[in-house]
Structures are given as structure tokens and as C-alpha cells.
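Heads up: the sequence lines are chains A and B, in that order. Residue 131 in the numbering used here sits at position 131 of the first sequence; the count goes up by one each step and never skips. Residue 252 in the numbering used here sits at position 252 of the second sequence; the count goes up by one each step and never skips.
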Amino acid sequence: MSGIAFTDVTRAFERKGGAFQALEPVTLHVPDGEFVAIVGPSGCGKTTLLRLAAGLDHPTTGSVMVGGRAVTGPGPDRAVVFQQFALLPWKTVRQNIGFGLKCRGMSDAEARPLVERYLATMRLEGHGDSYPHQLSGGMQQRVAIARSFILEPEVLLMDEPFGALDAQTRIEMQEELIRLTAGQRRTVLFITHSVEEATYLADRVVVMAGRPGSVREIVDVASLRKAERWAERPVEEVMELDSFIRIRTRLWRLLRSAGAHRDDAATHTLPIAS
Amino acid sequence: MAAASPLHRSLLGAPVIGGAAVVGFLIAWWVSAKSFDPMRIPQPGDVWDAAVQLATTGYAGGTLAQHTLQSIMLAFMGFAVAAGTALPIGLAMGMSRSAEAVFGPIVAFIRPIPPLAWIPLAIIWFGLGDGAKIFVIWFTAFVPTLINTFTGVRTVDPTIIAAARVHGAGPRRMLLDVILPGAAPLIFSGLRVSLQASWMALVAAELIGAFFGLGRVLMTAAQDIFPGMIVVAMAAVAVCGATMTWLLGVVERRCLPWLKVTP
Ligand SMILES: Nc1ncnc2c1ncn2[C@@H]1O[C@H](COP(=O)(O)OP(=O)(O)OP(=O)(O)O)[C@@H](O)[C@H]1O
Ligand SMILES: [Mg+2]
Numbered sequence: 001m002s003g004i005a006f007t008d009v010t011r012a013f014e015r016k017g018g019a020f021q022a023l024e025p026v027t028l029h030v031p032d033g034e035f036v037a038i039v040g041p042s043g044c045g046k047t048t049l050l051r052l053a054a055g056l057d058h059p060t061t062g063s064v065m066v067g068g069r070a071v072t073g074p075g076p077d078r079a080v081v082f083q084q085f086a087l088l089p090w091k092t093v094r095q096n097i098g099f100g101l102k103c104r105g106m107s108d109a110e111a112r113p114l115v116e117r118y119l120a121t122m123r124l125e126g127h128g129d130s131y132p133h134q135l136s137g138g139m140q141q142r143v144a145i146a147r148s149f150i151l152e153p154e155v156l157l158m159d160e161p162f163g164a165l166d167a168q169t170r171i172e173m174q175e176e177l178i179r180l181t182a183g184q185r186r187t188v189l190f191i192t193h194s195v196e197e198a199t200y201l202a203d204r205v206v207v208m209a210g211r212p213g214s215v216r217e218i219v220d221v222a223s224l225r226k227a228e229r230w231a232e233r234p235v236e237e238v239m240e241l242d243s244f245i246r247i248r249t250r251l252w253r254l255l256r257s258a259g260a261h262r263d264d265a266a267t268h269t270l271p272i273a274s
Numbered sequence: 001m002a003a004a005s006p007l008h009r010s011l012l013g014a015p016v017i018g019g020a021a022v023v024g025f026l027i028a029w030w031v032s033a034k035s036f037d038p039m040r041i042p043q044p045g046d047v048w049d050a051a052v053q054l055a056t057t058g059y060a061g062g063t064l065a066q067h068t069l070q071s072i073m074l075a076f077m078g079f080a081v082a083a084g085t086a087l088p089i090g091l092a093m094g095m096s097r098s099a100e101a102v103f104g105p106i107v108a109f110i111r112p113i114p115p116l117a118w119i120p121l122a123i124i125w126f127g128l129g130d131g132a133k134i135f136v137i138w139f140t141a142f143v144p145t146l147i148n149t150f151t152g153v154r155t156v157d158p159t160i161i162a163a164a165r166v167h168g169a170g171p172r173r174m175l176l177d178v179i180l181p182g183a184a185p186l187i188f189s190g191l192r193v194s195l196q197a198s199w200m201a202l203v204a205a206e207l208i209g210a211f212f213g214l215g216r217v218l219m220t221a222a223q224d225i226f227p228g229m230i231v232v233a234m235a236a237v238a239v240c241g242a243t244m245t246w247l248l249g250v251v252e253r254r255c256l257p258w259l260k261v262t263p
């Protein structure tokens, strides 16, 4: 049991000259084991929603439940990949990846084989003893992903986790994520600016609109993915399917009409489309 | 200038310029000492004689080694007491609003009092012995470390704190693996200011009243009108202060290895 349920959630921030409504009532249910992607214009409240699920923030009104329990703070059932990586600058790559294990009381010797495995999975071999600032943005992002995946949480909360990766690494990480989530059914909340990425990865894609943030539409992809066995095919092949292109185009139209920042959404998706 | 060749740069390197400046200074000193009253400006030879006297037979109740050791030991003890109290209080103030509410006003009150203003009270309470010096140093060196520790804790990137929380860091891991290293660069710059303040406060306190120490040497030499000895003691004060600051820098580089490797 690890579904996520946002019910009538609002979040208002204190600002000079009154409250700023970042989320108007949002209701969104992510059933146990589902992969939900969120797309939406910049500033529409995607990160705010994810922080609520992580327990790093609390709703102004409404309720946030994970696994049937109200969220009161962070918990070992959830791990977060942050938009800004948020690595510990004073820890090496190995120590960063193993940080959550250490917090759970695992000794270095116990953690070592796991850490080495994730170093390899994320293709970070040879960088284990580097400090984060010695790595490229894409490498730092992979460290942040490894730090969360290694905990094998029931719920993965990912905020544009592949944003800083080059096109090729990005595709490899997407395939890796599919493998990881297919192995054990995991509930995933995945924020992205890329419509292709959302279509390829998610069971459902939530399109948000901004000012104040709200759910504009939810597009189902799961039935098609299953019927056409996307998970077993390489990304580039899936992306050429008519069904894939139809969903992608529909999401694009929704995003464009979602508002103020359409340029933003368009430029972020183009590199993968070509 | 900008297009200096490697040869030029090595010839005009910092050690050469520095060495030339020292030689120039010694010549200027010698010339001016020759042309002024020797009772006011000691000649290099007088200073050398004073140094030899202080190092061997001693002056003002002890040899150079005894005075220096006494001063360094007291400065270090005062600094240790100041840092040892300022660090935990600064951490507590940074991490808890109620600790900030308790200690904030006390610090705001102590902060503007000049170090020398503590000396009369210190002498009344502790006499001319070591206790008075440690007390004065404590109140002088306390504030810089405290303020920097507090600011360091408050400026740790909140996203990093959030990341540590969601990956399971409890209070202990948070303190040791996140807050302390995050605040460390500022803490060390506070410690550096505190260390310099300790040394200054100590010499000042010794000037006013002490049985031993470099400040005592300075004061005795002033009463004896012995300019050569004054210069020797001042040089010893400078060398000790610079050495302690340098040692702290070594410790800092040891403690903050992630800053050493430049990107
Ligand atoms: N702590 C805060 N205080 C005040 N306003 C905030 C705070 N956090 C977020 N906001 C506001 O809430 C809105 C939503 O922010 P959020 O970070 O959730 O957007 P986002 O959808 O993740 O954007 P992006 O795609 O650029 O990451 C923004 O207008 C932002 O200015
Ligand atoms: Mg965001």
C-alpha cells in the first residue's frame, strides 16, 4: 500500500501584500504502483505538489495521504530526487549515494556492494571519490538519482530528474527507470518538462495549468502501452508509433492552452522530438 | 605587464619582491637610526643584542622561551575556552529559535564592549594571574566565533537540509553530516578572527598586569627605556600571532577537504 492521494489540496504562500495562492484545490489520486507524470508551465506548482507528498511542506487546506496515512513529514517509504540535485557538497560521490543507507544504520561494509552497484548502473565508475562540484551537471543528477534509488522506496518522487542529462544519457536513464519500476511495483510521481518523456514513461500524464496551479486534464497512456508493449521496445521505436505521436500532440495542445508559459514547454520538449 | 613571460614572472615572483622589500626596510631602518636619537629608534645591532640577552640570560623575570611559552599557552587556553563555548551556543542559536531568543540579547549586550574594558573587572576577580587573562580572552574571542557559527548554520542551503531529511537523516546525522560541514567555512573564518582577537587581548592584558609573558617584557622595556628590547618583544608577538593563524589555516584545510580540490 503506497498510493498517493491529494484531496482538495491548496497551498498559499505568505508574500508581501497578502497571500499567494500557489495551488487551488487539487485532487489527484495515484494508485499503488502507478507511474504518474506531471507536466505544466513553469511556476504552476509542480514542485509544490511534490514537496507536499514528500512531507517537506504542508497543505494550507485539504489532505495529503501516502499509503493510507496522512503525511506529517518525510518517511522511509518515500525518496525524492530534487530539481536542483541537492547533493552534499562535502561528501564524495560514494558517500552521497550511500547517505540514506548510513542514516538507516547500515555499516560502510554492508553498504559498499550496493553503492558499487549503483555507481556502475549510473555509469559513474571512476568518480566514486570525486566531490560533486568536480562532476558535470548530468553526472551530479545521476548521483542524486542513485542516492534515491538505492533506498528502494515504495514511492519515488522525482522533480525533473533527467533535466540536466544529454539526450543519449537521458534515454538510457529512462530505460533504467522503467526496469527499476517494472521489477518491483513502485508508485512514482515524476515531474518533467518533456512531453515525450511523460508519454514514454507514465501510466497517466497529469497536465497542470498555472496561476493558481490546478489539474487541467489527465491523459491515460497505460492501456496503449500495455496493448502495444512499449516497455519491451527501444525508445526510438516507440516514439515513431502513431499512437505515441497522437498522445504527444494532444499533450502539447493541452499545454499550449494551459497558459502563460507555452514557449517554455515547447522549447523544453523539442530536443527529444527531433 | 599582462603578457609577462614565464621567465619574467619567476624573476619578479613574490619571494624575490618580498626579499627585496625586507632588505630595503633594513637599510632604511639602519639609515634612519643613524640619523636620529638612538634612545628613540634602536639600531639593528642594539636589537640583536637585546634579542641575545632575552634568549640567554633573560629579562623581566624570564627568558624569551619562558615568556613566549607563557603567552602562547594562555592565548591558546583562552581561545579554546572561547571557541568551546561559542561553538555550541552558536549552533544552538542557529538551529533553534528559542535558543536564539535566550542568547541573542546577551550577545547583543557583550558584543560592543571593547576587550580592554574587561581588564579591570578581570583583575578584581582573578588578580594578576592566568585566570584574569583567560577571562579577558574569553569575552573578546567569544563573539566572532559565535556570530559566524550562527550565520553559518542559518545559511546552509535549505534544499540540502530537505534532501538529508527525506533520505532519513535524524538529528545526529543532520548535525554531523549537514549542519556542521555546511557551516564550517564560516565557522573557520570566525575562529580565525577569534584567534587574532585572543592574541591581541592577551598582550593587552599582560601590558596592564602580569608576572610573565611577552606583554610583560614590553611593559618592563618601556619602563627601562630599552627600545631594542621593545622591538624584540614586538617581533616575538608578531611571529607568534602569525604562526597561530597559519596553524589554524592548516587545520582548516585538513577539516574541509572538499574545498581544497578546485573545480
Ligand atoms: N516558499 C515559497 N514562498 C513563496 N512562494 C513560493 C514558494 N515556493 C513556491 N512558490 C511559488 O509557488 C508557485 C509554484 O512554484 P513551484 O516551484 O511549485 O513551480 P513549478 O511548477 O515547480 O515550476 P518549475 O517548472 O519552474 O520548476 C510559484 O509561483 C512560486 O513562486
Ligand atoms: Mg519545480
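A virtual CB, placed ideally from N, CA and C, is assigned to each residue, including glycine. Computed from a prediction, not measured in an experiment: that's the story for all the values here.
Environment of G241 of chain B [buried if 16+ CB atoms lie within 10 Å]
Burial call: buried.
Going along the chain, which residues of its own chain have a beta-carbon closer than 7 Å to the beta-carbon of L128 of chain B, five neighbours each way excluded?
G209, A210 and F211
Are the beta-carbon atoms belonging to T61 of chain A and D8 of chain A less than 8 Å from one another?
yes
Classify D220 of chain A as helix, strand or coil using the three-state DSSP reduction.
The DSSP-derived three-state label of D220 of chain A is strand.
beta-carbon K102 of chain A near ligand 2 non-hydrogen atom, thresh 7 Å
no
Listing by chain order, which chain A residues have their CB less than 9 Å from the CB of D177 of chain B?
L88, W90, K91, Q95, F99, K102 and C103
Does the Cβ of D57 of chain A lie closer than 7 Å to at least one heavy atom of ligand 2?
no
Contact list for the segment 153-177 of chain B against chain A, Cβ threshold 8 Å:
Taking 8 Å as the Cβ-Cβ cut-off against chain A, the residues of the segment 153-177 of chain B that qualify are D157, T159, I160, A162, A163, A164, R165, V166, H167, G168, A169, G170, R173 and D177.
Which residues does DSSP pair with Q21 of chain A in a beta bridge?
Partner(s): A:A12.
Segment contact flag, the segment 178-196 of chain A with the segment 154-165 of chain A, C-beta cutoff 8 Å, min 3 pairs
yes
Unbroken beta strand (DSSP E) run spanning F35 of chain A, endpoints:
F35 to V39
Name the chain B residues that come within less than 7 Å of R256 of chain A, Cβ to Cβ?
Correct list: empty, because the minimum Cβ distance to chain B is about 31 Å.
Length-filtered (4 minimum) alpha helix (DSSP H) runs lying within the segment 74-141 of chain B:
97-110 and 119-126
For Q84 of chain A, go through chain B and note every residue whose CB falls closer than 8 Å to its CB, in chain order.
T159
Short CB-CB distance (under 8 Å) between W258 of chain B and chain A:
Judged by the 8 Å Cβ criterion, W258 of chain B is in contact with chain A.
Of the residues B:I106, B:G182, B:A221 and B:L191, the one placed nearest V251 of chain B, counting alpha carbons only:
Per the C-alpha coordinates, the member of B:I106, B:G182, B:A221 and B:L191 positioned closest to V251 of chain B is B:L191.
H29 of chain A (DSSP reduced to helix, strand or coil):
Strand, per DSSP.
Ligand 1: which residues have Cβ under 5 Å from any of its heavy atoms, chain order?
Counting only residues whose CB is nearer than 5 Å to a non-hydrogen atom of ligand 1, the list in chain order is A:F13, A:A22, A:S42, A:G43, A:C44, A:G45, A:K46, A:T47 and A:T48.
Buried or exposed: where does A2 of chain B fall if 16 or more other Cβ atoms within 10 Å of its Cβ makes it buried?
For A2 of chain B, the pLDDT reaches just 48, beneath the cut-off of 50, and the residue's location in the model is therefore unreliable, although a value from the coordinates is still provided. Residue environment: A2 of chain B is assigned as exposed (fewer than 16 neighbouring CB atoms within 10 Å of its CB, all protein chains considered).
Evaluate I17 of chain B with the Cβ neighbour count: other Cβ atoms within 10 Å of its Cβ, from every protein chain shown; 16 or more gives buried, anything less gives exposed.
exposed
Excluding five sequence neighbours on each side, which residues of the same chain lie with their C-beta closer than 8 Å to the C-beta of L202 of chain B?
S71, L74, A75, G78, K133, V136, I137, G213 and G215
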